[in-house]
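With the sequence shown counted from 1, adding 1122 to any position gets you my numbering.
Every residue gets a Cβ at the ideal spot worked out from N, C-alpha and C, and that includes glycine.
The structure presented is a predicted model; accordingly, all values stated were derived computationally and were not measured.
Below: one structure, written as structure tokens.
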Amino acid sequence: MVVLALAGAEVAFVAFRLHQVHRVTVSQLAPPATSGPNVGTQTFLLIGSTSRCVLDNKQTSAFGSCAAGITGVNSDVILLLRADQRAHSVSVLSVPRDLVMNNVRPGQFYKIDAALADGPGQLVAAIEENFGIPINHFVELNFDSFQNIVTALGGIKMYFPYRVRDDSSGLHIRTTGCVYLNGFNALALVRARNYWYFKDGQWTDDGSGDLGRIIRVHEFLRVLATAIAKRGLSNLLTDNSLLGAVAPDLEVDSKLSLGDMVDLLRAFRSTNIGTVPELTMPNIENFADYMYEGYDYGSVVLPTYPQDQQAVDNFLGLKTPPGSAVAPGSVMVSVMDGTGTAGQATTTADQLSSLGFHVVGTGSATPVGPISETVVYYAPGHLLDAQRVVEDLRGIVAMAEGTTAAGADVTVVTGSDYSVAVNHAPAQGTTTTAVGTTATTVELTATTVELAATTVELASVSTLGPPSPAVQPLPSYDPRACPSS
């Protein structure tokens, strides 16, 4: 009876605090599974918002201020968390904020961090469309709520092998060893993308930008989660400070119930933080000025397959890719040349046909720039068909829901760096339909260009360098957990 009373008191206490959380209606969220192997497993989209206009102190010069005209709303951190309440396990997948894709804003090409300007539902839709990850819940922290969490825990200690700084984020660690971080310094650390360290008498730029920042964020989260597990979820006094600090500035989707929150807290309580998989969506870096339809996007990162799909499968705990159950012969595909390369669409169509796909036509699209993604557009309800096509593509490839050509389920608009995995044998039970020079030319833009029957050598996927790994080691100069004494 005493145990039941304590459990009831905990739930009542958490209910009181969490009812102070701001709730927002988020479209595009997937309902939690009610049957099958995913019952009890939910995926949370956790973001760190850059909005200054919602902060209590809008005049913080270190992070920019709303009064000074910094009014943009972007997602500085995009992190997916998969929580299995039954197995008490958690996995993490970060999406780089500079990843460029279609439909980031409705029908438009942007860096993915720009989706939040159209509301959290748009960011959810962009991730679900491009990666096929069902998202059940949304949680947003701002600068204030992040700092308040660290403050409520009495600060965080991390070990710094070297002195470090980032003038843009306000980070200045002037000593080495185990260093105390208050809320301000912790926020400056996780926001640092121009990271310098002092070694052998000189300052060195690590040059990794946002990707290096993700590595540091993952390590910080390990330290933070360990501190919360030790102090924040073990007694009501610390819980009161922690939940009271974060609740007023926390925003969650309106479907996230009190039971979901309590279950999530309990899953974390019994999770071994040291074994939590922390993945980053693999990508290909392009630090040059990236041009798309005449607009300079600056430094970006590009999606890459099959590495992205493998990371998603690991994050979701899938043994096989979701599209593998689809027979190629059941997928109607059209191919559009998106680069102006003679014969590219026809050659790609031939290769997809040899793999068993039902190719219904080829055509041309207006090139968008010298470096371009191959985009697999799919009609509503045909996400799995698109995933099946993507399984046989390699290189800079993305997916997007949109208009297809020639009545196809899926339209492949070819880009600059990709190939078709023609060495894969067609799936059993499918038929191969040959597509030659008489393939139908489909009009995707105002001008239709007849493609020559010339066989072309598809661009090598290595021209921009190798993809980044999903799991990246912590560099020797980055901060980490303090050694045990």
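Here the alpha carbon of A1543 sits roughly 17 angstroms from the alpha carbon of T1442.
When C-beta atoms of the segment 1425-1445 are compared with those of the segment 1526-1535, fewer than three pairs fall below 8 angstroms, so the two segments do not count as touching. By the CB criterion at 7 angstroms, E1262 and S1330 fall outside the cutoff. According to the DSSP assignment, L1378 belongs to no alpha helix (DSSP H), since it is labelled neither H nor E. For I1395, DSSP assigns no beta-bridge partner whatsoever. At least 7 angstroms separates the beta-carbon of Y1317 from that of T1326.
V1512 is the residue among D1418, Q1473, E1400 and V1512 whose C-alpha sits nearest the C-alpha of G1445. Around the Cβ of E1251, a 10 Å sphere holds 16 or more other Cβ atoms; the residue is buried. Excluding five sequence positions before and after Y1284, the CB atoms of its chain that fall closer than 8 angstroms to its own CB belong to T1298, Y1319, F1320, K1321 and Y1599, given in chain order. It is roughly 10 angstroms from the alpha-carbon of D1459 to the alpha-carbon of T1496.
For V1481, the uninterrupted beta strand (DSSP E) run begins and ends at H1480 to S1486, by DSSP.
Counting only residues of its own chain and dropping the five nearest sequence neighbours on each side, H1294 has a CB closer than 6 angstroms to the CB of R1287.
Taking a C-beta distance under 7 angstroms as the contact criterion, A1248 and Q1150 do not qualify as a contact pair. According to the DSSP assignment, L1440 belongs to no alpha helix (DSSP H), since it is labelled neither H nor E. Apart from the 5 residues on each side of it in sequence, L1596 sits with its Cβ closer than 7 angstroms to the Cβ of I1337, E1341 and R1602 in its chain, given in chain order.
Membership of D1266 in the alpha helix (DSSP H) is indicated by the continuous run F1265 to A1274. In the structure shown, F1253 adopts helical secondary structure according to DSSP, grouped into three states.
For S1446, no alpha helix (DSSP H) segment is defined, and its DSSP state is neither H nor E. About 18 angstroms separates the CB atoms of V1217 and Y1412; that is not less than 8 angstroms, and the two are not in contact. The continuous beta strand (DSSP E) containing R1227 extends over residues V1222 to R1227. Taking a contact to require three or more Cβ pairs closer than 8 angstroms, the segment 1198-1209 and the segment 1158-1172 qualify as touching. Pairwise C-beta distances place the segment 1404-1424 out of contact with the segment 1471-1486, as fewer than three of them are shorter than 8 angstroms. Annotated three-state conformation of P1154 is coil, per DSSP. Straight through space, the alpha carbons of N1225 and P1159 are spaced by roughly 31 angstroms.
Judged by their CB atoms, L1424 and I1518 are nearer to each other than the 7 angstroms cut-off.
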